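To keep things clear, I will list the structure first and then write my remarks on it.
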Amino acid sequence: GAVVSQHPSRVICKSGTSVKIECRSLDFQATTMFWYRQFPKKSLMLMATSNEGSKATYEQGVEKDKFLINHASLTLSTLTVTSAHPEDSSFYICSASPPFGGVQETQYFGPGTRLLVL
Amino acid sequence: KNQVEQSPQSLIILEGKNCTLQCNYTVSPFSNLRWYKQDTGRGPVSLTIMTFSENTKSNGRYTATLDADTKQSSLHITASQLSDSASYICVVRTTGTASKLTFGTGTRLQVTL
């Protein structure tokens with residue numbers, strides 16, 4: 010099946026630094042990718058929709074200047090957590106769908122990136 | 021408000037036993053419902069996807085049902101294995117150009133010896 014990868018799998022950083030997380034669709038092109046955040050024992054919460062070649066669409070309550078999203082190619086989207094603070098510590102997951110899947114289209118999720126801000 | 025509720029929140033069963041997880045939703049307009057398995061520290065992996073007209077769908081030992089009238093779905097796991105220990109998430113998609121996914125909070129299943 011389709012594969013979505015993320016890098017890094019986990020990162021520990023100091024408060025105030027910026028962290029970049031990459032999401033790649035390995036065997037299909039994705040004009041749209043999605044970024045989620047998941048806190049322990051909680052459900053995935055959509056943060057933003059990443060659109061290739063245009064600005065990302067952010068969900069209500071998500072700061073676009075803090076969570077910078079770049080979707081420069083059809084196989085790569087990046088999420089940069091700027092000036093990270095301990096409350097940003099979470100599990101970040103991206104997903105993408107192969108094009109033309111129709112109503113049966115499946116979103117393929119990356120393995121996630123565990124961020125710990127000290 | 022679009023919501024997806026799952027029950028039970030957590031479940032412990034013995035290896036080899038069967039179990040059924042429940043999902044009730046209020047999402048509208050409905051497009052499809054998916055069940056995902058999420059291992060700890062990993063991204064979700066799709067198990068089944070069902071549209072309005074589908075009542076049941078199987079994937080190996082996993083069988084999902086959908087009652088679009090009552091807006092309920094279930095995931096039945098047969099002959100559980102230790103590797104089935106994970107969170108199972110019910111996700112409902114709406115139709116239209118503003119199509120969105122609504123995630124349930126998941127059921128944490130632990131299969132023990």
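Sequence lines, in order, name chains X and Z.
Its first residue numbered 10, the first sequence is counted upward by one per residue in the numbering used here.
Its first residue numbered 21, the second sequence is counted upward by one per residue in the numbering used here.
All C-beta atoms in this analysis are idealised placements derived from N, C-alpha and C, irrespective of residue type, glycine included.
A quick note: this is a predicted structure, and the numbers were derived from the prediction, not measured.
For residue i: DSSP bridge partner residues
i	result
residue 66 of chain Z	Z/56
residue 58 of chain X	X/43, X/66
residue 111 of chain Z	Z/54, Z/123
residue 19 of chain X	X/123
residue 105 of chain X	X/42, X/117
Chain-ordered chain X contacts of residue i [CB-CB under 9 Å]
i	result
residue 66 of chain Z	10, 115, 116, 117, 118
Residue i in three-state terms, based on DSSP
i	result
residue 103 of chain Z	helix
residue 121 of chain X	coil
residue 31 of chain X	strand
residue 119 of chain Z	coil
residue 96 of chain X	helix
residue 25 of chain Z	strand
residue 132 of chain Z	strand
residue 33 of chain Z	strand
residue 37 of chain X	coil
Closer than 9 Å at the beta carbon, the chain Z residues around residue i
i	result
residue 123 of chain X	61
Closer than 7 Å at the beta carbon, the chain C residues around residue i
i	result
residue 123 of chain Z	Absent from the structure: chain C. Protein chains present are X and Z.
Where residue i meets chain Z, residues with beta-carbon distance less than 7 Å
i	result
residue 21 of chain X	Chain Z residues near residue 21 of chain X: none, gap ~15 Å exceeds 7 Å.
Chain-ordered neighbours of residue i on chain X, where CB pairs are closer than 7 Å
i	result
residue 126 of chain Z	52
Contacts that residue i makes with chain X (C-beta to C-beta distance below 8 Å)
i	result
residue 109 of chain Z	52, 53
Residues that residue i contacts on chain Z, provided the C-beta gap is smaller than 8 Å
i	result
residue 102 of chain X	63, 64
Given 8 Å as the limit, is there contact between the segment 115-132 of chain Z and the segment 78-94 of chain Z, that is, 3 or more CB pairs closer than that?
Cβ pair count under 8 Å is below three, so no.
So, do the segment 42-49 of chain Z and the segment 108-118 of chain Z have three or more beta carbon pairs nearer to each other than 8 Å?
Touching, per the Cβ criterion.
Taking 8 Å as the cut-off, does the segment 85-97 of chain Z touch the segment 91-103 of chain X (at least 3 CB pairs, one atom from each stretch)?
Three or more Cβ pairs closer than 8 Å define a contact, and the segment 91-103 of chain X falls short of that threshold against the segment 85-97 of chain Z.
Is there contact here, the segment 47-60 of chain X with the segment 11-27 of chain X, by at least three beta-carbon pairs under 8 Å?
Contact fails between the segment 47-60 of chain X and the segment 11-27 of chain X, because fewer than three Cβ pairs, one in each stretch, are under 8 Å apart.
I want to know whether the segment 114-124 of chain X touches the segment 22-42 of chain Z - three or more CB-CB distances under 8 Å.
Note that the segment 114-124 of chain X does not touch the segment 22-42 of chain Z; fewer than 3 beta-carbon pairs, one per stretch, sit closer than 8 Å.
Does the contact criterion of 3 or more C-beta pairs under 8 Å hold for the segment 38-45 of chain Z versus the segment 25-45 of chain X?
These segments do not touch.
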